[in-house]
Amino acid sequence: MYADVILPLALNQTFTYGIPVEWEGQMERGRRVLVQFGQRKLYAGIVLRIHNEQPGYDVKPILEIEDEIPIVTELQLEYWRWLAEYYMCSMGEVMNAALPAAFKMQSETKVSRNPELEVDEAELKDDEFQVYELLLELDSLRISDLGKKLNWKNPMPVIRRMYAEGYVNLDEEVKGTVKSKTERRYRWPEGYGEELTQDAFDQLKRAKVQSELLLAYFKLNTDKENPWVREADLLKATDSNRSPLKALVEKGWLEEKVFPVEPERIAAVESAPTLSDQQALAVQNLNTAWEDKITSLLYGVTSSGKTEIYFHYIHECIEKNRQSLFMVPEIALTAQMVKRLQSHFGDKVVTYTSRLSDRERLEVWERMLDPERRPLVILGARSSVFLPFTDLDFVVVDEEHESSYKQFDPAPRYHGRDAAIILAHYHKARVLLGSATPSIESYQNAEEGKYGYAELTKRYSGIRLPVVEAVDIRKETIRKQMHGHFSPRLLEAIKDQLEQEKKVILFQNRRGFAPVVICQNCGHSEQCVNCDITLTYHKLSHQLRCHYCGYSIHPPTKCKSCGSVELKMQGFGTEKIEEDLQVILPNARIARMDLDATRKKNSFQKLVDRFEKGEIDILIGTQMVAKGLDFEDVGLVGILSADSLLNYPEFRAHERAYQLMSQVAGRAGRREERGLVLIQSFQPDHRIIQQVTTYSFEEMFREQRADRKQFHYPPFYRLIHIEMRHVKVEVVSDASDFLAGRLQGIFGKRVLGPEFAPIARVRGQYHKRIILKIENGLSLPKVKKALQTEVKRLDFHKDHRKVRVYFDVDPV
DNA sequence: AGCACGCCGACT
DNA sequence: GTCGGCGTGCTC
Ligand SMILES: [Zn+2]
Ligand SMILES: [Zn+2]
């Protein structure tokens with residue numbers, strides 16, 4: 001029998017291996033196996049298919065079966081296949097994204113001296129002698145390390161020569177030995193009766209500790225259903241060590257077994273929420289919609305109680321003993337959120353994010369596969385769609401409009417929300433997309449009736465919407481009345497809040513505002529040598545750094561272009577704002593919340609706690625302050641520059657600006673008092689700003705939808721980006737011109753470009769981009785097939801074939 | 001994607 | 001003459 005195995009490679013195919021006869025019985029789809037690929041490399045792969053079709057080439061055998069059970073379900077394999085096709089990548093790439101790192105195995109070759117062979121050192125060539133000498137010192141080492149130690153670029157030819165002569169041995173070392181936590185437990189053997197026998201006592205009368213251990217076992221084993229007692233408990237009760245325990249096991253008085261460590265017990269203290277009238281109506285609408293639809297959209301304004309609806313359904317699933325997935329953007333998965341779910345669902349909740357350690361992720365996966373330990377509620381980021389659900393009934397995608405749900409690098413470039421919907425299709429589960437500012441796509445789907453729809457338009461009683469005001473900073477800028485980035489209106493409002501002992505949040509957009517060093521004489525700024533990027537200043541390391549490739553230099557003291565020493569740091573980042581504001585308000589307690597300030601573990605939570613306790617008056621933050629945090633007593637929210645949000649050269653810029661500003665505004669005065677939101681802008685009359693100040697989501701939606709239709713964007717057209725990369729600009733240009741020409745022949749004016757990507761050169765490679773706009777109604781699979789065919793044509797040309805081609809389906 | 005093999009320029 | 005550059009082809 002043969003097995004087609006998925007390997008962790010960007011190759012659009014599986015590889016067929018022979019199943020050793022003795023394993024034929026236990027071979028199944030979804031098994032993790034160790035195989036050799038190429039000359040010596042070993043990989044762990046997943047069995048996709050088992051069959052009897054003998055291939056026309058010699059197959060290699062499967063070397064090991066890695067686990068007791070298949071670690072990937074049949075449903076997951078089909079799901080992987082769908083994702084690979086839709087996002088135009090290999091199943092190996094999907095597998096890489098899906099599996100916890102602890103399941104991945106990859107070998108490295110190690111060299112060691114052949115102890116059998118007498119070596120005549122005179123016979124060795126120079127380079128061989130260097131290797132030999134090194135191996136006398138260290139008995140074995142990886143080939144890559146050997147190369148580094150000897151400072152050789154390619155040590156392999158020498159090693160191969162020495163291997164052929166028999167001087168050295170080569171072994172494959174499979175790295176990666178992360179295991180889930182286990183513990184030993186013991187039981188009184190089955191059939192020995194209910195209690196300790198006199199017989200046992202007699203035989204152990206000279207072994208005092210062993211008798212004590214047995215007594216302790218019977219004292220500790222109170223659970224009739226479960227005879228196993230943890231080793232740690234036994235040792236603690238008798239104040240002994242492992243050796244008497246071992247003796248008991250050897251003599252057969254106790255049985256030993258290894259168990260996975262049980263997660264901490266957490267009691268659920270909250271029961272299903274009582275729904276308000278409007279929530280009950282929404283639930284009723286959703287239930288009706290789900291009768292014939294998979295997905296429903298819940299449009300609920302801030303503080304209207306979307307979460308109660310989510311919890312209502314999750315409670316329902318738990319009662320049915322079925323699984324639910326609560327998906328949130330990674331940035332919103334805060335300790336606050338975890339606690340809130342645990343108060344409702346106790347230890348039935350498990351979180352799954354990239355912030356977990358390899359072992360923790362492995363443990364979640366293993367629990368999902370074990371019917372006895374299966375968690376019922378997964379709170380997770382986008383990657384939780386890859387978990388081995390066995391009985392998924394309900395999926396929430398909270399903040400469904402969030403663009404951070406889209407994975408970018410590496411492939412598969414999947415959208416967490418869309419992938420969750422497909423997953424739900426496979427499970428015949430229900431999906432609830434929730435947002436206070438739904439995406440144009442989802443809202444359109446709801447309008448068209450593709451999605452069910454429910455809304456919550458009323459806030460909890462007593463909660464009033466903040467007053468949102470646009471602050472025109474054109475005049476102030478011309479009249480030089482701005483204090484740095486602060487208009488007199490904003491400063492006054494901040495001072496006012498501080499007097500009232502209220503808190504202030506200031507929002508500065510993250511992107512494009514990192515500080516840069518600019519020559520005041522000629523305007524020159526330091527560029528990365530590998531990328532088309534201006535180096536930005538990092539305070540921590542006191543360096544100028546490229547955030548694409550990591551290239552960094554010390555800040556220059558004079559301009560490299562004109563030699564002038566008049567260099568000035570310019571930027572609008574949170575650091576700068578903090579400094580400026582501290583000068584204006586020396587007594588205010590100001591803190592920053594951005595990626596830099598929260599990089600250290602727990603620093604985020606500490607900031608949140610301090611702000612909550614009132615130890616900080618003003619919190620200056622990026623996108624981070626907008627998501628998932630709920631502070632009391634915030635009287636004022638200031639958005640320092642709306643223009644940067646509105647002026648992005650992306651088709652979603654306006655939609656996103658609306659969403660972000662609304663979300664930030666929602667941080668003001670959520671309890672009792674009415675808060676104030678000030679939006680500074682050079683274009684205070686901009687439609688989007690007007691719509692934010694008047695809370696006109698519907699109007700924004702209609703206008704944006706019209707724009708999308710007119711300019712051929714989603715939800716009326718689907719986009720595919722084809723990105724081509726090569727070190728030589730002529731090579732990419734030629735190849736992309738050729739491909740675009742071919743594609744125009746098929747798709748006509750649906751093809752745009754090629755153009756240089758927004759950042760034309762990254763890590764020394766030039767990037768060119770072709771955009772395909774496919775109207776709804778055209779078969780996407782057919783389009784993709786034609787596209788693949790044309791891309792394959794690049795292989796027939798000696799220069800075009802050198803170009804790497806990447807796809808991004810539904811780019812954000 | 002990685003990795004081995006093979007054929008040409010610049011160094012001992 | 002050897003070293004090592006990369007272009008070419010293959011991996012079950
Ligand atoms: Zn760079
Ligand atoms: Zn200069």
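Residue numbers for the first sequence follow full-length UniProt numbering, beginning at 1 and rising by one. Here a beta-carbon is modelled for each residue, glycine too, at the ideal position from N, C-alpha and C. All values derive from a computational prediction rather than experimental measurement.
Please identify the residue among the options whose C-alpha is closest to the C-alpha of residue i.
| i | options | result |
| --- | --- | --- |
| residue 550 | 269, 47, 538 | 538 |
| residue 465 | 321, 494, 666 | 666 |
| residue 342 | 358, 309, 360, 376 | 376 |
| residue 37 | 89, 11, 99 | 11 |
| residue 191 | 237, 254, 167 | 254 |
| residue 751 | 760, 758, 757, 741 | 741 |
| residue 736 | 783, 719, 802, 709 | 802 |
| residue 167 | 187, 120, 184 | 120 |
| residue 172 | 178, 164, 143 | 143 |
| residue 442 | 806, 474, 470, 403 | 403 |
| residue 624 | 452, 651, 641, 574 | 574 |
| residue 427 | 385, 399, 437, 450 | 385 |
| residue 178 | 362, 63, 787 | 362 |
| residue 415 | 16, 812, 13 | 812 |
| residue 786 | 747, 764, 664 | 747 |
| residue 435 | 299, 712, 486 | 299 |
| residue 236 | 226, 217, 591, 248 | 217 |
| residue 691 | 587, 654, 293, 725 | 654 |
Beta-carbon separation of residue i and residue j under 8 Å?
| i | j | result |
| --- | --- | --- |
| residue 504 | residue 617 | yes |
| residue 229 | residue 221 | yes |
| residue 296 | residue 420 | no |
| residue 433 | residue 397 | yes |
| residue 90 | residue 84 | yes |
| residue 717 | residue 775 | yes |
| residue 394 | residue 355 | no |
| residue 476 | residue 520 | no |
| residue 30 | residue 46 | yes |
| residue 40 | residue 66 | no |
Classify residue i as helix, strand or coil using the three-state DSSP reduction.
| i | result |
| --- | --- |
| residue 639 | strand |
| residue 718 | strand |
| residue 800 | helix |
| residue 566 | coil |
| residue 327 | strand |
| residue 710 | helix |
| residue 41 | strand |
| residue 288 | helix |
| residue 54 | coil |
| residue 296 | strand |
| residue 427 | helix |
| residue 71 | coil |
| residue 137 | helix |
| residue 259 | strand |
| residue 315 | helix |
| residue 157 | helix |
| residue 573 | coil |
| residue 94 | helix |
Taking the continuous alpha helix (DSSP H) assigned at residue i, which residues delimit it?
| i | result |
| --- | --- |
| residue 622 | Where residue 622 is concerned, there is no enclosing alpha helix (DSSP H), given that its DSSP letter is neither H nor E. |
| residue 550 | Run containing residue 550: none; DSSP gives neither H nor E here. |
| residue 79 | 74-86 |
| residue 150 | 143-150 |
On the DSSP letters alone, give me the boundaries of the beta strand (DSSP E) that residue i sits inside.
| i | result |
| --- | --- |
| residue 730 | Not the beta strand (DSSP E): residue 730 falls in the alpha helix (DSSP H), residues 729-747. |
| residue 169 | 168-175 |
| residue 676 | 676-681 |
| residue 4 | 2-6 |
| residue 531 | From DSSP, residue 531 is part of no beta strand (DSSP E); its letter is neither H nor E. |
| residue 106 | 106-113 |
| residue 616 | Looking at the DSSP string, residue 616 is not in any beta strand (DSSP E), and its letter there is neither H nor E. |
| residue 593 | 590-593 |
| residue 774 | 765-775 |
Checklist entry - Can you list the beta strand (DSSP E) stretches of 3 or more residues lying completely in the stretch 327-402, in chain order? => result With a minimum length of 3 residues, the continuous beta strand (DSSP E) runs that stay inside the stretch 327-402 are 349-352, 377-380, 392-398.
Checklist entry - Which whole runs of the alpha helix (DSSP H) in the stretch 442-528 are 4 residues long or more, in chain order? => result Entirely contained in the stretch 442-528, the alpha helix (DSSP H) runs reaching 4 residues are, in chain order, 474-478, 488-499.
Next on the checklist: As an exercise, report each continuous beta strand (DSSP E) stretch of at least 3 residues that is fully enclosed by the stretch 3-36, in chain order.
Outcome noted: Entirely contained in the stretch 3-36, the beta strand (DSSP E) runs reaching 3 residues are, in chain order, 15-18.
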